[in-house]
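Sequences listed follow chains A and B, in order. For the first sequence, position 168 matches number 168 in full-length UniProt numbering, and the numbering has no gaps at all. For the second sequence, position 150 matches number 150 in full-length UniProt numbering, and the numbering has no gaps at all. For each residue, glycine too, the CB sits at the ideal point set by N, CA and C. The next block holds one structure in the form of structure tokens; read it before the comments.
2 protein chains.
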Amino acid sequence: MTSDVGLRERKKRATRTALSRAAWSLMVERGIDAVTAESVAATVDVSPRTFRNYFSSREEAILDAMVQRAGALVEALRARPADEPVWDSLAHVLPDAIMNVLGEREADVAALVRASADRPALLAQQVTAFARVERRVAEVIAERTGADLDRDLAPHLLAAVPAAALRAVATMWADGATGATLPDLVRASIAQLRDGLPLGRAAPVT
Amino acid sequence: MTSDVGLRERKKRATRTALSRAAWSLMVERGIDAVTAESVAATVDVSPRTFRNYFSSREEAILDAMVQRAGALVEALRARPADEPVWDSLAHVLPDAIMNVLGEREADVAALVRASADRPALLAQQVTAFARVERRVAEVIAERTGADLDRDLAPHLLAAVPAAALRAVATMWADGATGATLPDLVRASIAQLRDGLPLGRAAPVT
DNA sequence: CCACGACTTTTCCGACTTGGAAACTTTGCC
DNA sequence: GGCAAAGTTTCCAAGTCGGAAAAGTCGTGG
């Protein structure tokens, strides 16, 4: 996996991930305002200019690691049996994925949600990152169902809707005390979506 | 409606909407890069600093008018009969709403989608604006179904999912040639959502 | 092993953006 | 008219961004 790459390439990757991890840690531990080109560069011991060579903004740095992890989600989805109904595949993959993607620990997720709330640029970066993942999910679904991405609505909806649900769940979980764990909420939301959403009375979660 | 407000207030609102409309027009006609504090201020004939007094970013200015219009959507939803199933209300309101909210003419919607594609900040502003609308929609739904916004997932999902669908539909419509009109696509997407989304093969739109 | 080319990092710096402070203008009201 | 409140403008300092070239590091062929 890390074969056939020389010292130079390894160093480059090392600094990149070091910068991203440092940016993430700074956000979690000292808040989004503590994340600057200067501070991040300082903790990794490179010049601020080097930081900007790798990332065009603090937000990009913070989310870089997350984007990498999101790739795993797409792969997990692709790895599901080809004849499995799409909703089953999603139900299988998403509950675990949310933790892997948004952050290892729940505190991380909360920090991210909070930081995104008062830093539009971070939200922007997140949205575009998610949009890219969504696109790839739509492609996987289209492949599997034989749909045409340019003409059929379904794959787009099947990608966009769970993404929206994840966002809604994460937000609700972050600022309310629902008592439930994040993966459980994700499971519940997927179940509701699969059934066409409650039409009359709302179904409680716990 | 515009009663009991003095000259001062009217002028303030006038410049605000003038700035927003100017920003929007500049985006549609000359692209997002032509929208700067300077250019917008110039077309309205105020100082750039005044522009920044009203809006903290070009993106905020561009979308301000849209946010106002989105209020109408919420009101339309609230005006539906209280005992009508939520999906029916949404199906009733959304197809017309998308044009009113995203832009009067289809070219405007296309311009917005295109601009959002290569200007993350605009997408972000859109998302946060939508999030606020979404929140209000969720409140209306919660009122109507007797759900608790802090504990129940359903109202959040019922607000977030159609929003995501609108976004998906607008994107697809903007960069593909689907042949269908935007409101028709919205209707189709709502129908699919209501039925729990196609599980196996994807349903074509036309 | 060393020397040269390719690539990365750093320093320096000018262009641009942001928002505070104070002067100036307009509006509301007596 | 004249004074207070609110809005607008000018001026400017601090911060951010990215280009250009010097300095340092790595890969490779002699």
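Item: Enclosing alpha helix (DSSP H) for residue 82(B) [first to last residue]; Value: Run containing residue 82(B): none; DSSP gives neither H nor E here.
Item: Where residue 103(A) falls, given that 16 or more other Cβ within 10 Å makes a residue buried; Value: buried
Item: Residue 178(B) at chain A interface by Cβ criterion, 8 Å; Value: yes
Item: Neighbour list for residue 192(B) in chain A, Cβ cutoff strictly below 9 Å; Value: 153, 154 and 157
Item: Boundaries of the alpha helix (DSSP H) in which residue 20(A) is found, first to last residue; Value: 7-30
Item: Beta-carbon proximity check, residue 165(A) vs residue 160(B), cutoff 8 Å; Value: yes
Item: CB contact check: residue 121(B) to chain A, cutoff 8 Å; Value: yes
Item: Alpha carbon of residue 131(A) to alpha carbon of residue 162(A), nearest angstrom; Value: 12 Å
Item: Nearest residue (CA-CA) to residue 12(A), options 54(A), 28(A), 21(A) and 32(A); Value: 54(A)
Item: Assigned secondary structure, residue 108(A) (DSSP; H/G/I helix, E/B strand, else coil); Value: helix
Item: Cβ neighbours of residue 221(B) in the same chain (closer than 6 Å, five flanking residues each side left out); Value: Since the first and last residues shown for chain B are 1 and 206, residue 221(B) lies out of range.
Item: Residue 146(A) CB to nearest heavy atom of the ligand ATP below 7 Å; Value: This structure does not include the ligand ATP; it has no bound ligands of any sort.
Item: Reduced DSSP secondary structure (H/G/I, E/B, other) of residue 64(B); Value: helix
Item: Residue 144(B), enclosing alpha helix (DSSP H) - first and last residue; Value: 120-145
Item: Proximity below 8 Å, CB of residue 5(A) to CB of residue 98(A); Value: no
Item: Neighbour-count burial assignment, residue 82(B), 16 or more Cβ in a 10 Å radius; Value: exposed
Item: Interfacial residues, the UniProt DNA-binding region "H-T-H motif" (36-55) of chain B to chain A, with Cβ spacing under 8 Å; Value: none
Item: Residue 47(B) (DSSP reduced to helix, strand or coil); Value: coil
Item: Beta carbon of residue 188(B) nearer than 8 Å to that of residue 153(A); Value: yes
Item: Cβ neighbours of residue 156(B) in the same chain (closer than 7 Å, five flanking residues each side left out); Value: 138
Item: Distance CB(residue 122(B))-CB(residue 62(B)) smaller than 8 Å; Value: yes
Item: Buried or exposed (CB count within 10 angstroms, at least 16 for buried), residue 192(A); Value: buried
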